[in-house]
Amino acid sequence: SLTNPDETVKSAAESAMREVVGDTTVTKALTAGKGIIEDTTAQLLQQTVNSYKAGIKIENVKLQDVHPPDAVKEAFKDVVSAREDREKMINDAEGYRNNLVPKSRGEAAQIINNAKAYSKEKVLVAIGESERFNLIYEEYRKAKDITRERILLETMASILPKVNKVIADKEVGGNVLPFLPLGQTMNQLNK
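Residue 19 in UniProt numbering sits at position 19 of the sequence shown; the count goes up by one each step and never skips.
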């Protein structure tokens, strides 16, 4: 039997609470660990009052107003804020990664496909040019002078597409002096 059971239970409860909270991190005590603290404190308190042979049964312990001591309240807020900032940064980084990686893979696939297409185009152009050369060579072997003249004319036509051309063959007309309308040609060039 206790002389002052209310005061005895109160003192034992405070002692049990200090012991349990002392073994718990501040963050856990102020957040998700409240239920564990309540259960552990109730068990420890029951053991204590049982040792007094007081015949008291502890039903439960409830934490009502849990907050850090005033001396560390601002520091605790800073820690909580820093944790929230950390989580936000991690989430932002993961979001950036989740956006960037597929985009980079897509760009890499596009570059590879473009390179393959470019390679195939160059090979096909080279094959076409080589076949064209072989056909021209066959014609050249059959008629060297005509083919050479045709190649010269085609080359000149491709090199000088905007230049007015006059071809004067000395064998046509014999001793006749060919008429070259240079004035008209110069007027067209100045336009």
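Here a beta-carbon is modelled for each residue, glycine too, at the ideal position from N, C-alpha and C.
Treat the numbers as computed from the prediction; the structure is a model and nothing was measured.
In this structure, does DSSP put residue 102 in helix, strand or coil?
The sequence position of residue 102 within the sequence shown is 102, counting from 1. Here DSSP, grouped into helix, strand and coil, assigns residue 102 to helix.
Alpha-carbon spacing of residue 3 relative to residue 65, whole angstroms
The residue given as residue 3 occupies position 3 in the sequence shown. The residue given as residue 65 occupies position 65 in the sequence shown. Distance from the CA of residue 3 to the CA of residue 65, rounded to the nearest whole angstrom, comes to 30 Å.
Could you tell me the distance, in whole angstroms, from the CA atom of residue 22 to the CA atom of residue 105?
In the sequence shown, residue 22 corresponds to position 22, counting from 1. In the sequence shown, residue 105 corresponds to position 105, counting from 1. Rounded to whole angstroms, residue 22 to residue 105 spans 52 Å at the Cα level.
Touch check for the stretch 5-15 and the stretch 26-35: three-plus C-beta pairs under 8 Å?
Taking a cut-off of 8 Å on C-beta distances, the stretch 5-15 does not touch the stretch 26-35, as fewer than three cross pairs fall below it.
Quick one: grab the DSSP three-state call for residue 20.
Residue mapping note: residue 20 aligns to position 20 of the sequence shown, counting from 1. In this structure, DSSP gives residue 20 a helical state, which the three-state scheme calls helix.
Would you check whether the ligand MN has a heavy atom nearer than 6 Å to the C-beta of residue 102?
In the structure on display, the ligand MN does not appear, and there are no ligands present to speak of.
Just tell me which of 11, 30, 76 has its CA closest to the CA of residue 44.
As a position in the sequence shown, residue 44 is number 44, starting the count at 1. The closest CA to that of residue 44, considering only 11, 30, 76, is found on 11.
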